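To start, the structure itself, in structure tokens.
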Amino acid sequence: MSQDKARVGANAYGHFEEAAREYVITRPDTPTPWLNYIGEGRYGGIVSNTGGGFSFDRDPRNRRVSRYRYNAVPDDQPGRYVYLRDQETGEFWSPTVSPTWHRPDAYECRHGTAYTRIASSYRGIDAEMLYFVPLSPVDEPAPCELWVLKVRNTGKAPRRLRTFSYFEFSLYDAQNDATNLDWAQHIQYSEFGDGVIRVMTKFNPLVYFFGSSHKPTGYTCVREDFVGRGRDLSNPIVVESGSPADAPAPRGNSVGSLTHDIELAPGEERQLVYIAGCTVRPAEIDRVVKRFSSDAEVASAFDALRDDWTAYLGRFSVDTPDADTNAMLNFWNQVQCRTTLYWSRFVSGYETGMGRGMGTRDSGQDTLGTMHTVPDHARRMLTQIWEMQFADGHTHHQFFPLTGEGGPGLAGEFPRWPQWFSDDHLWLILSVCAYLRETGDFGYLEQKVKYVDHAEETVWEHMLRAVDFTLDNLGPHGLPRAGFSDWNDTMNVDHGSGKAESVWTAMQFCRAMLDLRDLSAKLDRPAEAGRFEGIHAAMARAINEHAWDGAWYKRAFDDDGQPLGVSGAEHQAIDLIPQSWSVLGEVAPPERAALAMASADEKLNTRFGLALMWPPYDGADERIRGTSTYVPGAKENGGIFCHANTWSVAAAAMLGDGETAYRYYRQILPLARTDSDVYKAEPYTYCQNICGPTHPSFGLGRNAWLTGTAAWTYVAATQWILGIRPTYEGLRVAPAMPSGWQGFKAHREFRGTAYEIAVRREGPGNVVSLVVDGRPVDGDVVPLPAPGTASVKVDVTIK
Ligand code: GLC
Numbered sequence: 003m004s005q006d007k008a009r010v011g012a013n014a015y016g017h018f019e020e021a022a023r024e025y026v027i028t029r030p031d032t033p034t035p036w037l038n039y040i041g042e043g044r045y046g047g048i049v050s051n052t053g054g055g056f057s058f059d060r061d062p063r064n065r066r067v068s069r070y071r072y073n074a075v076p077d078d079q080p081g082r083y084v085y086l087r088d089q090e091t092g093e094f095w096s097p098t099v100s101p102t103w104h105r106p107d108a109y110e111c112r113h114g115t116a117y118t119r120i121a122s123s124y125r126g127i128d129a130e131m132l133y134f135v136p137l138s139p140v141d142e143p144a145p146c147e148l149w150v151l152k153v154r155n156t157g158k159a160p161r162r163l164r165t166f167s168y169f170e171f172s173l174y175d176a177q178n179d180a181t182n183l184d185w186a187q188h189i190q191y192s193e194f195g196d197g198v199i200r201v202m203t204k205f206n207p208l209v210y211f212f213g214s215s216h217k218p219t220g221y222t223c224v225r226e227d228f229v230g231r232g233r234d235l236s237n238p239i240v241v242e243s244g245s246p247a248d249a250p251a252p253r254g255n256s257v258g259s260l261t262h263d264i265e266l267a268p269g270e271e272r273q274l275v276y277i278a279g280c281t282v283r284p285a286e287i288d289r290v291v292k293r294f295s296s297d298a299e300v301a302s303a304f305d306a307l308r309d310d311w312t313a314y315l316g317r318f319s320v321d322t323p324d325a326d327t328n329a330m331l332n333f334w335n336q337v338q339c340r341t342t343l344y345w346s347r348f349v350s351g352y353e354t355g356m357g358r359g360m361g362t363r364d365s366g367q368d369t370l371g372t373m374h375t376v377p378d379h380a381r382r383m384l385t386q387i388w389e390m391q392f393a394d395g396h397t398h399h400q401f402f403p404l405t406g407e408g409g410p411g412l413a414g415e416f417p418r419w420p421q422w423f424s425d426d427h428l429w430l431i432l433s434v435c436a437y438l439r440e441t442g443d444f445g446y447l448e449q450k451v452k453y454v455d456h457a458e459e460t461v462w463e464h465m466l467r468a469v470d471f472t473l474d475n476l477g478p479h480g481l482p483r484a485g486f487s488d489w490n491d492t493m494n495v496d497h498g499s500g501k502a503e504s505v506w507t508a509m510q511f512c513r514a515m516l517d518l519r520d521l522s523a524k525l526d527r528p529a530e531a532g533r534f535e536g537i538h539a540a541m542a543r544a545i546n547e548h549a550w551d552g553a554w555y556k557r558a559f560d561d562d563g564q565p566l567g568v569s570g571a572e573h574q575a576i577d578l579i580p581q582s583w584s585v586l587g588e589v590a591p592p593e594r595a596a597l598a599m600a601s602a603d604e605k606l607n608t609r610f611g612l613a614l615m616w617p618p619y620d621g622a623d624e625r626i627r628g629t630s631t632y633v634p635g636a637k638e639n640g641g642i643f644c645h646a647n648t649w650s651v652a653a654a655a656m657l658g659d660g661e662t663a664y665r666y667y668r669q670i671l672p673l674a675r676t677d678s679d680v681y682k683a684e685p686y687t688y689c690q691n692i693c694g695p696t697h698p699s700f701g702l703g704r705n706a707w708l709t710g711t712a713a714w715t716y717v718a719a720t721q722w723i724l725g726i727r728p729t730y731e732g733l734r735v736a737p738a739m740p741s742g743w744q745g746f747k748a749h750r751e752f753r754g755t756a757y758e759i760a761v762r763r764e765g766p767g768n769v770v771s772l773v774v775d776g777r778p779v780d781g782d783v784v785p786l787p788a789p790g791t792a793s794v795k796v797d798v799t800i801k
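All residue numbers for the sequence shown refer to the working numbering, where the first residue is 3 and numbers rise by one.
Written out as structure tokens, the structure is:
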């Protein structure tokens, strides 16, 4: 069914290679560093296409392993580097091109599933660096990363090379490392012994280590010894001179630089493995270094990593007529979903890993993209977030994974304004219900979880308190108070008068009530189902009475009770998300739903996606604060917020308009952006935002990797366009696909059974007929098969 897939996502800098499941970057000078992640959400880090990036263990703020200078010149440094020096000529270069930035004879970077391979050739030497973090048990005492260097002599004469690694250690506390130099520079020091550099302090049991598979012939531990005065990482004195310092670091800036001598006969290839990591049990270091000094162990660790990802990716795959869609849904989108589940919005090329921690709202939504692949992890994440809930029902906005500490995030800077967010706690209801629909694990509702300020209760009771928080905090129109913000972090209209309300939160709340109604019905609790249905109806009535503007829904009411998002307003006359959520929350009567969506399309849509609102603010406006701090067309101020686009995809599909849903889906599909010099961001992961039509850089993608776009676009595409949705009764198949599609195939694992789905279009509509294992079934839900059923064949025709 698919088109030619050889060059999916091709642009001037690379392409996706489906057979290898790697994005292949063919030039080092990408418009921005194109990043990947290594690790399983514990020890790991980011790595760019030229080896830039850094490592941390679980928490990039509180346990930073190595440094990265954000927003510096030169950019994307330091990283995990090796220098090769020709001992005959003294010439040196780096296999990752950075930091020497010589002109390689050949270069290629392959970003794969939690690994990156960078290969280049220079003057008869082929070199390759492979970076990954071996899978490890959760309680592994000395987690580590591996850099596997291969060098090969492609010439006719023997070559003598000297290699120097470079890994710049941070103080474990990244904030103090950057700001409190007087302290930080006098507490960390390093030692060298048995071929391993150990970096430590006198008071924290944590030790960083840097070793290798072969006995080094020298080492350098002090950054200034390595680089030299008036130099930088492109021409460090140790490499230029060929002479390591062979001294530990008594203080100051510690680096991991090991020197090795490699002689290569013509055609000969050698492998050298670097092993870097951290531990609070230093006695473990020798074991780990010894283990990965074996090439066989390294190879089997890499195989295990790939197998894990193959299994992860194998739970849902599709074959549609659109090769870009296939590549995203089968690969990159799912990789991004797992990465956001790991790191929320904590650490990326844009988030320094120092500030915000994990987001309650963000991680709550991130689980939605991984329910079918790693439900246990999703459940653990939800539980961790429930622990951030207060007895009144609201939650901390952010938390730090290593310490468990929570906080109000940006709201803390505005102590006179609400310290809670109107949406955080409600996402958890949506996610728990999604988890239960996927897994049927109703026992989760009975799990006891503590509150921040109260003894433990069941997850079900946590959900009830979340409902109560919203009901206890309604404004004058009966809509939820806005709080410090709703989903739009920068819409800070609630300054405490009690009059500011979020129309959007009201709609999100409506969705949560319907999810709880359905769950209660499933649990055979009709009274509760009736209660939630009633709350939904009352809230929908209030929205329709007070928040309909004539051709679209209003966005909010400010602290004076004045509406935002109304026709004729100078700024923010129309906002995208109440239009889509009027559908998702089942708030809008059919004619209003259609009109609201059409208005959003007319006023907000562009070829790069739907702007979040229009017209943008042009200068600080105290009424809304955050949004108006951005220049017009940037981020929430009229930019294209990709996350919000995904809701329009789902809403259009929910209304049965597969054409529009797919159009919106394609507009922000990164692999379809071939204009990399405009888009600039990685073409394989979704961006948080794209500069909007009023911005001079219209079309520029920003903040790639960590965005709710990952989970929601996956949900929108698979559950709404393809229509494959878990329900309590079974797997629903109700596509709303574009008219040009004659069908698609999908493999979907659901509660232990593999569903082999084939959809065929026989008419222009969305009416589904199901044949399950050869037998016609009424409706669009494939009933749950007998436990233990290995696979089910589902033939779907659409008319
Ligand atoms: C950022 C925040 C997220 C918020 C969104 C819209 O992505 O991480 O929490 O919902 O911006 O403001």
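Backbone N, C-alpha and C define an ideal beta-carbon position, used for all residues, glycine too. Keep in mind that this is a model prediction, so the values were computed, not measured.
Unbroken beta strand (DSSP E) run spanning L733, endpoints: G732 to V735
Counted within 10 angstroms of its Cβ, other Cβ atoms place Q187 as buried (16 or more) or exposed: exposed
S584 classed as buried or exposed, judged by whether at least 16 other C-beta atoms fall within 10 angstroms: buried
Length of the line joining the Cα atoms of W714 and H113: 23 Å
Option nearest N768 by Cα separation, candidates M390, L671 and G781: Of M390, L671 and G781, the residue nearest in Cα terms is G781.
N- and C-terminal bounds of the alpha helix (DSSP H) containing K515: Note that residue 515 corresponds to Met in the displayed sequence, not to Lys. First-last of the alpha helix (DSSP H) with M515: V505 to K524.
E110 versus H374 - alpha carbon distance: 34 Å
Neighbour-count burial assignment, K682, 16 or more Cβ in a 10 Å radius: With 16 or more other Cβ atoms within 10 Å, it is buried.
N332 versus A542: straight-line alpha-carbon distance, rounded: 37 Å
Any non-hydrogen atom of ligand 1 within 7 Å of Q690 CB: yes
Per-residue DSSP class, three states only, for P787: coil
For V240, the first and last residue of its enclosing alpha helix (DSSP H): I239 to S243
is_contact[P695, chain C] using C-beta, thresh 8 Å: Among the chains in the structure shown there is no chain C, since it carries only a single protein chain.
Proximity to Q367 [Cα-Cα], best of A654, L428 and R594: L428
Buried versus exposed call for Q336 [16 or more other C-beta atoms within 10 Å across all chains shown]: So Q336 counts as buried.
Buried versus exposed, by CB contacts within 10 Å (16 or more), T472: buried
Touching by the beta-carbon criterion (3+ pairs, under 8 Å), the region 352 to 370 and the region 428 to 437: yes
Check whether R161 and N155 have beta carbons under 8 Å apart: yes
Inter-residue Cα distance where the pair is G41 and E226: 30 Å
Contact the region 648 to 659 vs the region 562 to 582: 3+ CB pairs below 8 Å: yes
Same chain only: Cβ atoms within 8 Å of K158, ignoring 5 sequence neighbours per side: P268
Complete runs of the alpha helix (DSSP H) confined to the region 221 to 298 [at least 4 residues]: 225 to 229, 239 to 243 and 287 to 293
Cβ pair I726, A748 closer than 8 Å: yes
T709 beta carbon near ligand 2 (any heavy atom closer than 7 Å): As far as ligands go, the structure on display features ligand 1 and does not contain ligand 2.
Coil, strand or helix - G411 by DSSP: helix
Cβ-heavy atom distance, R513 to ligand 1, below 7 Å: no
Inter-stretch contact at 8 Å, needing at least 3 Cβ pairs: the region 231 to 243 / the region 289 to 298: The region 231 to 243 and the region 289 to 298 do not touch, with fewer than 3 CB-CB distances between them shorter than 8 Å.
Three-way DSSP call (helix, strand, coil) for G635 in this model: coil
Identity of the residue in R60, L733, Q690 and A544 nearest L481 by Cα: A544
Candidates D378, W311, M509 and I120: closest to G442 by CA position: D378
Beta-carbon separation (whole angstroms), V282 vs A247, contact threshold 8 Å: With a Cβ gap of about 28 Å, V282 and A247 do not count as contacting.
Whole-number beta carbon distance between S504 and S424, since they are thought to touch under 8 Å: Indeed they touch by this definition, with Cβ atoms about 5 Å apart.
At least three beta-carbon pairs within less than 8 Å, the region 91 to 105 to the region 178 to 194: no
For V876, the nearest candidate out of Q391, T492, T507 and C512 (CA to CA): There is no way to answer for residue 876, as the model of the chain reaches only from 3 to 801.
CA-to-CA distance, T729 to A736, given in whole angstroms: 12 Å
Burial state of K801 (16 or more Cβ within 10 Å): exposed
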